[in-house]
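Step one of this worksheet: look at the structure below.
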């Protein structure tokens, strides 16, 4: 198992996200090219998708956690996790379909179908990436091991 090399949870999260998104751009470009799209526009879709996904992730998680605080949630049971994932992915799909259609010059339906292919790929990619990342860099240290700010 990998060793813990990050001095803070933030450093680990940033490293995780940067590597994840760089690989995501490459994979998106290759997948879309294999499906018959020119590599230039496919690369642009990859960059747009990663940028939108990162931005949406920050905004959505901030809003979701604010909602949880507002209703007094103290833990996140499985049904909250499922709702979180479905609403996040649904919002991401709704934002990306018009961009994919515009950049690739395809119909909204074709863009939807391409997004479904990418969604299935990224469900698998995310699980494998997280496992490999943890094997290389180790699991994060428990939050209790980090000094708290006053």
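Numbering (this note's numbering), first residue to last: 816 to 965.
In this text, a Cβ means the ideal position worked out from N, Cα and C, and glycines have one as well.
Selected residue, minimal CA-CA separation from residue i, among the options
{"i": "residue 832", "options": "951, 869 and 852", "result": "869"}
{"i": "residue 837", "options": "906, 866, 928 and 917", "result": "866"}
{"i": "residue 901", "options": "938, 821 and 945", "result": "938"}
Neighbourhood of residue i by C-beta distance below 7 Å, restricted to the same chain and skipping five residues each side
{"i": "residue 933", "result": "843 and 846"}
Residue-level contact to chain D via CB, residue i, 8 Å cutoff
{"i": "residue 861", "result": "The chain labelled as chain D is not found in the depicted structure, where only one protein chain is given."}
Cβ neighbour criterion (16 or more within 10 Å) applied to residue i
{"i": "residue 897", "result": "exposed"}
{"i": "residue 762", "result": "Any question about residue 762 goes unanswered here, given that the chain covers just 816 to 965."}
{"i": "residue 880", "result": "exposed"}
{"i": "residue 876", "result": "exposed"}
{"i": "residue 860", "result": "buried"}
{"i": "residue 959", "result": "Residue placement at residue 959 is poorly supported in this model, since its pLDDT is 41, which falls under 50; the coordinates are not used for a value here."}
{"i": "residue 797", "result": "This structure gives no information on residue 797, because the portion of the chain shown stretches from 816 to 965."}
{"i": "residue 1046", "result": "Here the chain covers residues 816 to 965 and nothing more, so residue 1046 does not appear."}
Run of the alpha helix (DSSP H) containing residue i, from where it starts to where it stops
{"i": "residue 890", "result": "Element bounds for residue 890: n/a, residue is neither H nor E."}
{"i": "residue 850", "result": "From DSSP, residue 850 is part of no alpha helix (DSSP H); its letter is neither H nor E."}
{"i": "residue 821", "result": "Taken as a continuous stretch (DSSP letters only), residue 821 belongs to no alpha helix (DSSP H), as it is neither H nor E."}
6 Å CB neighbourhood of residue i in its chain, flanking five on each side removed
{"i": "residue 850", "result": "none"}
{"i": "residue 914", "result": "863"}
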